[in-house]
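Worksheet: the structure to be examined is printed underneath.
Numbering (UniProt numbering), first residue to last: 1 to 266.
Okay, here's the thing in C-alpha coordinates:
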(Lines of atoms letter the chains of each structure in order from A; the text may use other names.)
(Lines give C-alpha, C1' and ligand atoms only; values in the text may rest on other atoms or scores of the structure.)
Protein backbone atom coordinates (compact mmCIF):
# COMPACT_ATOMS: atom_id res chain seq x y z
CA UNK A 1 0.00 0.00 0.00
CA UNK A 2 1.22 3.49 -0.82
CA UNK A 3 0.55 6.74 1.01
CA UNK A 4 -1.88 9.12 -0.63
CA UNK A 5 0.01 12.19 0.57
CA UNK A 6 1.61 13.51 -2.60
CA UNK A 7 -0.92 16.27 -3.18
CA UNK A 8 -1.44 19.62 -1.54
CA UNK A 9 -4.66 21.60 -1.97
CA UNK A 10 -4.58 25.40 -1.77
CA UNK A 11 -7.48 27.68 -1.05
CA UNK A 12 -9.10 29.45 -3.98
CA UNK A 13 -10.54 32.95 -3.79
CA UNK A 14 -14.22 33.11 -4.46
CA UNK A 15 -16.59 30.14 -4.40
CA UNK A 16 -16.40 28.16 -1.19
CA UNK A 17 -13.08 29.42 0.14
CA UNK A 18 -14.34 32.60 1.79
CA UNK A 19 -12.30 33.59 4.82
CA UNK A 20 -13.01 36.17 7.52
CA UNK A 21 -11.60 39.67 7.43
CA UNK A 22 -10.45 39.32 11.04
CA UNK A 23 -7.67 37.05 12.32
CA UNK A 24 -10.18 34.79 14.07
CA UNK A 25 -11.27 31.74 12.09
CA UNK A 26 -14.42 30.06 13.38
CA UNK A 27 -14.10 26.31 12.80
CA UNK A 28 -17.17 24.07 12.99
CA UNK A 29 -16.62 20.31 13.31
CA UNK A 30 -18.96 17.33 13.34
CA UNK A 31 -18.65 13.64 12.51
CA UNK A 32 -20.84 10.56 12.24
CA UNK A 33 -23.69 12.20 10.36
CA UNK A 34 -24.54 8.73 8.94
CA UNK A 35 -26.54 10.12 6.02
CA UNK A 36 -29.34 9.24 5.34
CA UNK A 37 -29.85 7.24 8.54
CA UNK A 38 -29.93 10.67 10.18
CA UNK A 39 -32.85 12.46 8.53
CA UNK A 40 -31.51 14.58 5.63
CA UNK A 41 -33.99 17.36 6.49
CA UNK A 42 -32.46 17.49 9.98
CA UNK A 43 -28.96 17.58 8.49
CA UNK A 44 -29.97 20.32 6.04
CA UNK A 45 -31.22 22.59 8.83
CA UNK A 46 -28.11 21.87 10.89
CA UNK A 47 -25.77 22.62 7.99
CA UNK A 48 -27.56 25.86 7.16
CA UNK A 49 -27.10 27.04 10.73
CA UNK A 50 -23.45 26.01 10.68
CA UNK A 51 -22.89 27.86 7.40
CA UNK A 52 -24.24 31.06 8.92
CA UNK A 53 -21.74 30.90 11.79
CA UNK A 54 -18.62 29.08 10.57
CA UNK A 55 -15.71 30.05 8.36
CA UNK A 56 -14.69 26.41 7.82
CA UNK A 57 -16.63 23.16 8.31
CA UNK A 58 -14.82 19.92 9.20
CA UNK A 59 -16.44 16.50 8.70
CA UNK A 60 -14.91 13.73 10.83
CA UNK A 61 -15.93 10.53 9.06
CA UNK A 62 -18.90 8.17 8.87
CA UNK A 63 -20.47 10.55 6.39
CA UNK A 64 -22.65 7.74 5.02
CA UNK A 65 -24.39 5.00 6.97
CA UNK A 66 -23.80 1.89 4.87
CA UNK A 67 -21.11 3.10 2.50
CA UNK A 68 -23.30 3.43 -0.62
CA UNK A 69 -22.40 6.15 -3.15
CA UNK A 70 -26.11 6.96 -3.34
CA UNK A 71 -25.96 7.97 0.33
CA UNK A 72 -22.97 10.19 -0.41
CA UNK A 73 -24.95 11.81 -3.23
CA UNK A 74 -27.68 12.81 -0.76
CA UNK A 75 -25.12 14.37 1.55
CA UNK A 76 -23.31 16.05 -1.35
CA UNK A 77 -26.55 17.75 -2.34
CA UNK A 78 -26.88 19.11 1.20
CA UNK A 79 -23.28 20.32 1.29
CA UNK A 80 -23.07 21.86 -2.19
CA UNK A 81 -24.84 25.16 -1.33
CA UNK A 82 -22.65 25.92 1.68
CA UNK A 83 -20.64 29.14 1.64
CA UNK A 84 -17.87 27.93 3.92
CA UNK A 85 -15.14 25.59 2.68
CA UNK A 86 -15.81 22.03 3.82
CA UNK A 87 -12.98 19.60 4.58
CA UNK A 88 -13.32 16.06 5.83
CA UNK A 89 -12.17 12.47 6.09
CA UNK A 90 -14.01 9.20 5.63
CA UNK A 91 -14.91 6.81 8.46
CA UNK A 92 -15.29 3.06 8.82
CA UNK A 93 -18.94 3.12 7.68
CA UNK A 94 -17.88 4.77 4.43
CA UNK A 95 -15.74 1.71 3.65
CA UNK A 96 -18.48 -0.88 4.30
CA UNK A 97 -19.40 -1.52 0.63
CA UNK A 98 -15.89 -1.15 -0.79
CA UNK A 99 -16.92 2.06 -2.54
CA UNK A 100 -14.84 4.57 -0.57
CA UNK A 101 -13.15 5.92 -3.71
CA UNK A 102 -16.50 6.60 -5.36
CA UNK A 103 -17.86 8.23 -2.19
CA UNK A 104 -14.80 10.47 -2.19
CA UNK A 105 -15.38 11.42 -5.83
CA UNK A 106 -19.06 12.19 -5.25
CA UNK A 107 -18.30 14.49 -2.34
CA UNK A 108 -15.40 16.19 -4.10
CA UNK A 109 -17.65 16.95 -7.07
CA UNK A 110 -19.86 18.98 -4.71
CA UNK A 111 -16.85 21.03 -3.57
CA UNK A 112 -15.98 19.05 -0.42
CA UNK A 113 -12.28 18.41 0.23
CA UNK A 114 -11.83 14.79 1.34
CA UNK A 115 -8.38 14.10 2.79
CA UNK A 116 -6.67 10.72 2.93
CA UNK A 117 -3.33 12.18 3.81
CA UNK A 118 -2.23 15.44 2.24
CA UNK A 119 -2.80 19.05 3.24
CA UNK A 120 -5.52 21.58 2.45
CA UNK A 121 -4.90 25.26 3.20
CA UNK A 122 -7.86 27.51 3.99
CA UNK A 123 -8.15 30.77 5.90
CA UNK A 124 -4.47 30.75 6.84
CA UNK A 125 -4.63 27.24 8.35
CA UNK A 126 -3.17 23.96 7.10
CA UNK A 127 -5.73 21.20 7.59
CA UNK A 128 -4.33 17.67 7.59
CA UNK A 129 -6.47 14.56 7.76
CA UNK A 130 -6.76 10.82 7.51
CA UNK A 131 -9.26 8.23 8.70
CA UNK A 132 -7.02 6.61 11.30
CA UNK A 133 -7.55 3.09 12.53
CA UNK A 134 -8.03 0.91 15.61
CA UNK A 135 -5.40 -0.79 17.75
CA UNK A 136 -5.74 0.53 21.28
CA UNK A 137 -3.87 2.92 23.47
CA UNK A 138 -0.62 3.26 25.38
CA UNK A 139 0.59 0.08 27.14
CA UNK A 140 -2.51 -1.82 25.98
CA UNK A 141 -2.02 -1.09 22.28
CA UNK A 142 -1.95 -4.16 20.05
CA UNK A 143 1.57 -5.10 18.95
CA UNK A 144 2.65 -6.67 15.61
CA UNK A 145 3.46 -10.07 17.06
CA UNK A 146 2.14 -13.55 16.39
CA UNK A 147 -0.25 -14.48 13.61
CA UNK A 148 0.01 -12.75 10.21
CA UNK A 149 -3.49 -11.30 10.52
CA UNK A 150 -2.53 -9.54 13.76
CA UNK A 151 0.54 -8.11 12.05
CA UNK A 152 -1.62 -6.91 9.13
CA UNK A 153 -4.05 -5.27 11.55
CA UNK A 154 -1.26 -3.34 13.28
CA UNK A 155 0.29 -2.49 9.91
CA UNK A 156 -2.95 -0.74 8.95
CA UNK A 157 -2.85 1.34 12.14
CA UNK A 158 0.75 2.27 11.36
CA UNK A 159 -0.11 3.12 7.75
CA UNK A 160 -2.76 5.60 8.84
CA UNK A 161 -0.32 7.16 11.29
CA UNK A 162 2.26 7.41 8.49
CA UNK A 163 -0.27 9.27 6.33
CA UNK A 164 -0.76 11.77 9.13
CA UNK A 165 2.97 12.15 9.66
CA UNK A 166 3.70 12.58 5.95
CA UNK A 167 1.04 15.29 5.77
CA UNK A 168 2.46 17.17 8.72
CA UNK A 169 5.95 16.97 7.24
CA UNK A 170 4.59 18.75 4.15
CA UNK A 171 3.20 21.62 6.20
CA UNK A 172 5.40 24.56 7.22
CA UNK A 173 2.47 26.53 8.59
CA UNK A 174 2.42 27.33 12.31
CA UNK A 175 -1.38 27.00 12.23
CA UNK A 176 -2.24 23.34 11.72
CA UNK A 177 -5.42 21.40 12.48
CA UNK A 178 -5.79 17.61 12.34
CA UNK A 179 -8.99 15.89 11.18
CA UNK A 180 -9.47 12.20 12.04
CA UNK A 181 -12.24 9.66 12.43
CA UNK A 182 -10.56 7.37 14.94
CA UNK A 183 -9.28 8.90 18.16
CA UNK A 184 -5.57 9.45 18.87
CA UNK A 185 -6.12 9.26 22.65
CA UNK A 186 -8.05 7.13 25.13
CA UNK A 187 -9.48 10.13 26.97
CA UNK A 188 -12.16 10.98 24.40
CA UNK A 189 -13.40 7.38 24.08
CA UNK A 190 -13.85 6.84 27.82
CA UNK A 191 -17.50 6.04 28.50
CA UNK A 192 -17.76 3.51 25.71
CA UNK A 193 -17.94 -0.18 26.71
CA UNK A 194 -14.48 -1.23 27.82
CA UNK A 195 -14.42 -4.12 25.37
CA UNK A 196 -14.64 -1.86 22.29
CA UNK A 197 -12.23 0.88 23.37
CA UNK A 198 -9.27 -0.71 21.49
CA UNK A 199 -11.34 -0.46 18.30
CA UNK A 200 -11.99 3.27 18.62
CA UNK A 201 -8.51 4.61 18.03
CA UNK A 202 -4.78 4.17 18.20
CA UNK A 203 -1.84 5.65 20.06
CA UNK A 204 0.14 5.47 16.83
CA UNK A 205 -1.77 8.61 15.85
CA UNK A 206 -0.89 10.37 19.09
CA UNK A 207 2.77 9.43 18.68
CA UNK A 208 2.81 11.41 15.43
CA UNK A 209 1.26 14.42 17.14
CA UNK A 210 3.94 14.30 19.81
CA UNK A 211 6.58 14.70 17.09
CA UNK A 212 4.65 17.10 14.86
CA UNK A 213 2.26 19.15 17.03
CA UNK A 214 -0.90 20.80 15.76
CA UNK A 215 -3.10 23.40 17.39
CA UNK A 216 -6.19 21.22 17.76
CA UNK A 217 -7.49 17.76 16.76
CA UNK A 218 -11.04 16.76 15.85
CA UNK A 219 -12.32 13.18 15.54
CA UNK A 220 -15.56 11.20 15.65
CA UNK A 221 -16.41 7.48 15.91
CA UNK A 222 -16.97 7.28 19.71
CA UNK A 223 -20.69 8.00 20.03
CA UNK A 224 -20.66 7.56 23.80
CA UNK A 225 -17.22 8.93 24.61
CA UNK A 226 -16.11 12.23 26.09
CA UNK A 227 -16.30 15.57 24.25
CA UNK A 228 -12.79 16.74 25.05
CA UNK A 229 -9.38 15.36 25.97
CA UNK A 230 -5.72 16.21 25.54
CA UNK A 231 -2.62 14.58 24.12
CA UNK A 232 0.45 14.07 26.26
CA UNK A 233 1.89 17.29 24.86
CA UNK A 234 -1.27 19.24 25.72
CA UNK A 235 -2.92 19.43 22.31
CA UNK A 236 -6.71 19.73 22.74
CA UNK A 237 -8.64 16.82 21.20
CA UNK A 238 -12.37 17.09 20.53
CA UNK A 239 -14.71 14.16 19.94
CA UNK A 240 -17.36 15.59 17.60
CA UNK A 241 -19.45 12.49 16.88
CA UNK A 242 -22.98 13.76 16.19
CA UNK A 243 -24.73 11.45 18.71
CA UNK A 244 -22.40 12.68 21.44
CA UNK A 245 -22.93 16.33 20.51
CA UNK A 246 -26.70 15.83 20.42
CA UNK A 247 -26.59 14.74 24.05
CA UNK A 248 -24.17 17.45 25.13
CA UNK A 249 -25.96 20.25 23.24
CA UNK A 250 -29.54 19.23 23.84
CA UNK A 251 -31.02 22.62 22.99
CA UNK A 252 -28.28 23.87 20.66
CA UNK A 253 -26.92 23.07 17.23
CA UNK A 254 -25.04 19.75 17.67
CA UNK A 255 -21.69 20.90 16.35
CA UNK A 256 -18.39 21.85 17.97
CA UNK A 257 -17.24 25.42 17.33
CA UNK A 258 -13.62 26.39 17.84
CA UNK A 259 -12.19 29.89 17.31
CA UNK A 260 -8.59 29.86 16.11
CA UNK A 261 -6.56 33.06 15.89
CA UNK A 262 -4.24 33.09 12.88
CA UNK A 263 -1.49 35.46 11.81
CA UNK A 264 -2.92 36.07 8.36
CA UNK A 265 -6.32 34.63 7.43
CA UNK A 266 -6.04 35.42 3.72
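Cβ atoms here follow ideal geometry from the backbone N, Cα and C, with glycine treated the same way.
All values derive from a computational prediction rather than experimental measurement.
- Residue 27 and residue 146 have their C-alpha atoms roughly 43 Å apart.
- Under DSSP, residue 263 takes part in no beta bridge, so it has no partner.
- Between residue 29 and residue 255, the C-beta gap is smaller than 8 Å, which places the two residues in contact.
- If you draw a straight line from the Cα of residue 188 to the Cα of residue 227, it is about 6 Å long.
- By the CB criterion at 8 Å, residue 231 and residue 185 fall inside the cutoff.
- Per DSSP, the continuous beta strand (DSSP E) segment holding residue 216 begins and ends at 216-219.
- Residue burial annotation: residue 24 is exposed, with fewer than 16 other C-beta atoms found within 10 angstroms of its C-beta.
- Cα atoms of residue 130 and residue 114: separation of roughly 9 Å, rounded to the nearest angstrom.
- If the five residues before and after residue 167 are omitted, its C-beta is found closer than 8 Å to the C-beta atoms of 5, 115, 117, 118, 119, 128, 129, 130, all from its own chain and listed in chain order.
- Here the alpha carbon of residue 194 sits roughly 21 Å from the alpha carbon of residue 242.
- About 18 Å separates the beta carbon of residue 134 from that of residue 218, a gap too long to meet the 8 Å contact definition.
- Closest option to residue 59, judged by alpha-carbon separation, among 89, 69, 71, 99: 89.
- 132 is the residue among 138, 132, 137 whose C-alpha sits nearest the C-alpha of residue 159.
- Per DSSP, residue 213 lies in no beta strand (DSSP E) and is assigned neither H nor E.
- Looking at the DSSP output, residue 239 sits in a beta bridge with 219.
- Within the same chain, and ignoring the five residues on either side of residue 78 in sequence, the residues whose Cβ sits closer than 8 Å to its Cβ are 35, 40, 43, 44, 47.
- By the criterion of a C-beta distance shorter than 7 Å, residue 215 is surrounded in its chain by 175, 176, 177, 260, once the five residues flanking it on both sides are discounted.
- Its chain contains 233, 235 as the residues whose beta carbon lies nearer than 7 Å to that of residue 213, once the 5 sequence neighbours on both sides are disregarded; these appear in chain order.
- Residue 222 has its alpha-carbon roughly 12 Å from the corresponding atom of residue 92.
- DSSP places residue 153 inside the alpha helix (DSSP H), whose first and last residues are 148-170.
- Ranked by Cα distance from residue 239, the options 61, 101, 65, 207 are led by 61.
- Between the stretch 79-86 and the stretch 102-111 there are three or more inter-stretch CB-CB distances shorter than 8 Å, so the stretches are counted as touching.
- In the same chain as residue 157, and ignoring 5 residues on each side of it, the C-beta atoms closer than 6 Å to its own belong to 133, 135, 202, 204, in chain order.
- In the structure shown, residue 230 adopts extended strand secondary structure according to DSSP, grouped into three states.
- Within the same chain, and ignoring the five residues on either side of residue 49 in sequence, the residues whose Cβ sits closer than 6 Å to its Cβ are 253.
- Counting only the Cα atoms, residue 246 lies some 15 Å from residue 37.
- When only Cα atoms are considered, residue 106 and residue 98 end up about 14 Å apart.
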